[in-house]
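Visitor: Structure in structure tokens, see below.
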Amino acid sequence: MPRYKYYDYCQTVMIAIELEKQITPGSLEYAIHKLVEERVQIEPFEKKLKNDETGRPAYDPKVMLKIVLLAYSKGLISSRKIEQACKENIMFMALSGRQIPDHSKIADFISTMKEEILPLFRDILLVCDELKLLWGTSFALDGLKLSSNASKHWSGTHAELKKKKEKLEGKIEKLMKDHQMLDRKESKGKEETGEEKEKRELEKIRKKIERIDRYLKENEAKQGKRKKEVKSNITDNESCKMSTSSGVIQGYNGQALVDEKHQIIVHSEAFGSGQDYSHVGPMIDGGKENMKKIGKGETYLEGKIFTADANYHSSENLEKCNLEKLDAYILDVNFRKRDKRFEGQKKYKEEKPERYELDKFNYDERSDCYICPKGKLQSRKSSKEIKEGY
Numbered sequence: 123m124p125r126y127k128y129y130d131y132c133q134t135v136m137i138a139i140e141l142e143k144q145i146t147p148g149s150l151e152y153a154i155h156k157l158v159e160e161r162v163q164i165e166p167f168e169k170k171l172k173n174d175e176t177g178r179p180a181y182d183p184k185v186m187l188k189i190v191l192l193a194y195s196k197g198l199i200s201s202r203k204i205e206q207a208c209k210e211n212i213m214f215m216a217l218s219g220r221q222i223p224d225h226s227k228i229a230d231f232i233s234t235m236k237e238e239i240l241p242l243f244r245d246i247l248l249v250c251d252e253l254k255l256l257w258g259t260s261f262a263l264d265g266l267k268l269s270s271n272a273s274k275h276w277s278g279t280h281a282e283l284k285k286k287k288e289k290l291e292g293k294i295e296k297l298m299k300d301h302q303m304l305d306r307k308e309s310k311g312k313e314e315t316g317e318e319k320e321k322r323e324l325e326k327i328r329k330k331i332e333r334i335d336r337y338l339k340e341n342e343a344k345q346g347k348r349k350k351e352v353k354s355n356i357t358d359n360e361s362c363k364m365s366t367s368s369g370v371i372q373g374y375n376g377q378a379l380v381d382e383k384h385q386i387i388v389h390s391e392a393f394g395s396g397q398d399y400s401h402v403g404p405m406i407d408g409g410k411e412n413m414k415k416i417g418k419g420e421t422y423l424e425g426k427i428f429t430a431d432a433n434y435h436s437s438e439n440l441e442k443c444n445l446e447k448l449d450a451y452i453l454d455v456n457f458r459k460r461d462k463r464f465e466g467q468k469k470y471k472e473e474k475p476e477r478y479e480l481d482k483f484n485y486d487e488r489s490d491c492y493i494c495p496k497g498k499l500q501s502r503k504s505s506k507e508i509k510e511g512y
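Take the sequence shown: its letters are residues 123 to 512, numbered as in our numbering.
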């Protein structure tokens, strides 16, 4: 019979851990620790605390900031998961000083960072510049689709939302009829069970109707760039529906402008628009403003290399790059059609479809259809009246 090493789950183990020694120089955790401790101004966070004389002690903003930054670097964006990491992960324990903030405290801290996040971002950029981590000669722009905490099923134009409300009202009417049918049943047990289920369902639908009705009364139609109405979202109206490789999501288009040397982000922003071509202007302006705040001049970006993929190609973006005197390289989506290396491939040939006048079509009485000059049967899909002279 084989022998195994002895183990005992009932044994007591005392593990001595010195938290500071877990934060080793050269690691990301060490960089976060040093930046927050020595360079970040926390006075804006302290202004929101009013417990100088009364109230319980608050978590130090430095501790909260460290664990949030570390969590984001690890891809943790849930307050509950950050709380769990503070209980289980040794690096979170070290940065938090073994404190375990409740998930509600973490969520509250993040929600109040809207005004403080930009100065904090610029403080970190200033440190990066002092450490010569910024090259300042070449920049790249790219984006990522991020899901928001909102359902795409709550999206639509005002007309579509009104139809959704009417559909829900029709569903209530149907449930009321079903309820009346249940009342006629002889079995008391079935009657009570059915009635309880109907009440819960009716209450859910009524709340949905109230929610849509309240939104339509309090909000105007959302206008797009072309002055046409675009779909609103009842839960998060700044987000939008966008296509991704995993399907359609309700969310934001996160953009980052990056310095080439060490991939330091010099500006980032989340847009409620799925198309990248409209984001070059705001991202360049944001990058210029951030660099200006850390001591760079107005002309810092002039002559610098700027690269972006084909999704950003538009005449508007090219004009913006020309105005800012950038050495821009934005891939044209139609460049293969002009490249001689691809002229042998049929899909890249610019072939204009041959146009036939009305008198070239032959009418077939038996099928009540027209036949085109190439012999194909043309079935009617729509009607269009052509006025004389056109």
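Beta carbons: idealized from backbone N, C-alpha and C, even for Gly.
The model shown is predicted, which means the values in this text are computed figures rather than measured ones.
What's the call for methionine 123, buried or exposed, on a 16-neighbour Cβ count within 10 Å?
Guide: exposed
Visitor: Which stretch, first to last residue, makes up the alpha helix (DSSP H) that contains asparagine 444?
Guide: 437-445
Visitor: Under the assumption that isoleucine 416 contacts arginine 244 (Cβ atoms under 8 Å), give the Cβ distance between them as a whole number of angstroms.
Guide: 6 Å
Visitor: Using the C-alpha atoms, what's the distance from serine 260 back to asparagine 456?
Guide: 25 Å
Visitor: For isoleucine 331, tell me which candidate among Ile356, Lys349 and Gln345 has the shortest Cα-Cα distance.
Guide: Ile356
Visitor: Grouping DSSP H, G and I as helix and E and B as strand, with all else coil, what is aspartate 381?
Guide: strand
Visitor: State the Cα-Cα distance for the pair serine 246 and lysine 339, rounded to the nearest angstrom.
Guide: Residue identity differs from the one stated: residue 246 is isoleucine in this sequence, not serine. Computed Cα separation, rounded: 43 Å.
Visitor: By the DSSP assignment, the beta strand (DSSP E) with isoleucine 452 in it spans what residues?
Guide: 449-452
Visitor: Using three-state DSSP, classify glutamine 397 as helix, strand or coil.
Guide: coil
Visitor: If you drop the 5 nearest sequence neighbours on each side, which residues of the same chain put their C-beta closer than 7 Å to that of isoleucine 327?
Guide: Leu290, Lys293 and Ile294
Visitor: Determine the DSSP secondary structure at glutamate 351, reduced to helix, strand or coil.
Guide: strand
Visitor: How about the region 190-206 and the region 224-242: do they share at least three Cβ pairs that are nearer than 8 Å?
Guide: yes
Visitor: Should the region 211-219 be called in touch with the region 231-243, which here means at least 3 C-beta pairs below 8 Å?
Guide: no
Visitor: Tell me whether the region 352-371 and the region 248-257 touch, counting them as touching only if at least three CB pairs, one residue from each stretch, are closer than 8 Å.
Guide: no
Visitor: Does DSSP put phenylalanine 214 in a helix, a strand or coil?
Guide: Phenylalanine 214: helix per DSSP, three-state reduction.
Visitor: Going by C-alpha distance, which of Met405, Gln397, Gly396 and Gln467 is nearest serine 390?
Guide: Met405
Visitor: Terminal residues of the continuous alpha helix (DSSP H) containing methionine 405?
Guide: 402-415
Visitor: Which residue wins for smallest C-alpha separation from aspartate 407, given the options Cys443, Gln385 and Asn433?
Guide: Cys443
Visitor: Specify the secondary structure class of glutamine 221 as computed by DSSP and reduced to three states.
Guide: coil
Visitor: Where do the ends of the beta strand (DSSP E) carrying lysine 368 lie?
Guide: The question names lysine, but residue 368 is serine in the sequence shown. Note, serine 368: premise wrong, no beta strand (DSSP E); not H, not E.
Visitor: Per the DSSP calculation, aspartate 335 is bridged to which residue(s)?
Guide: The partner list for aspartate 335 (beta bridge, DSSP) is empty, contrary to what the question assumes.
Visitor: Which of helix, strand or coil does DSSP assign to tyrosine 194?
Guide: helix
Visitor: To which residues of the same chain is alanine 272 closer than 7 Å at the C-beta, ignoring the five residues directly before and after it?
Guide: Asn355, Thr357, Asp358, Ser361 and Gln372
Visitor: Assign aspartate 481 to one of two classes, buried (16 or more other C-beta atoms within 10 Å of its C-beta) or exposed (fewer than that).
Guide: exposed
Visitor: Would you give the residue range spanned by the beta strand (DSSP E) that phenylalanine 464 belongs to?
Guide: No beta strand (DSSP E) holds phenylalanine 464; DSSP gives it neither H nor E.
Visitor: Taking the alpha-carbon positions, what's the threonine 421 to valine 402 distance?
Guide: 17 Å
Visitor: How should tyrosine 434 be labelled, buried or exposed, when 16 other C-beta atoms within 10 angstroms of its C-beta is the threshold for buried?
Guide: buried
Visitor: Can you tell me where the alpha helix (DSSP H) with leucine 240 in it begins and where it stops?
Guide: 239-252
Visitor: Verify whether the separation of the beta carbon atoms of lysine 184 and isoleucine 164 is less than 9 Å.
Guide: yes
Visitor: By the DSSP assignment, the beta strand (DSSP E) with alanine 153 in it spans what residues?
Guide: Here alanine 153 belongs to no beta strand (DSSP E); instead the alpha helix (DSSP H) covers 150-160.
Visitor: Nearest-angstrom Cα distance between asparagine 173 and valine 162?
Guide: 22 Å
Visitor: Is it right to say histidine 155 is buried, meaning 16 or more other beta carbons lie within 10 angstroms of its own, or is it exposed?
Guide: buried
Visitor: Return the residue from the list Pro495, Asp264, Tyr131 and Ser218 that minimises the CA-CA distance to glutamate 140.
Guide: Ser218
Visitor: Assuming contact is defined by CB atoms lying nearer than 9 Å, are leucine 242 and alanine 378 in contact in what I supplied?
Guide: Result no, Cβ atoms of leucine 242 and alanine 378 do not sit closer than 9 Å.
Visitor: Output yes or no for whether 9 Å exceeds the beta carbon distance between threonine 279 and valine 352.
Guide: yes
Visitor: In three-state DSSP terms, what is tyrosine 434?
Guide: helix
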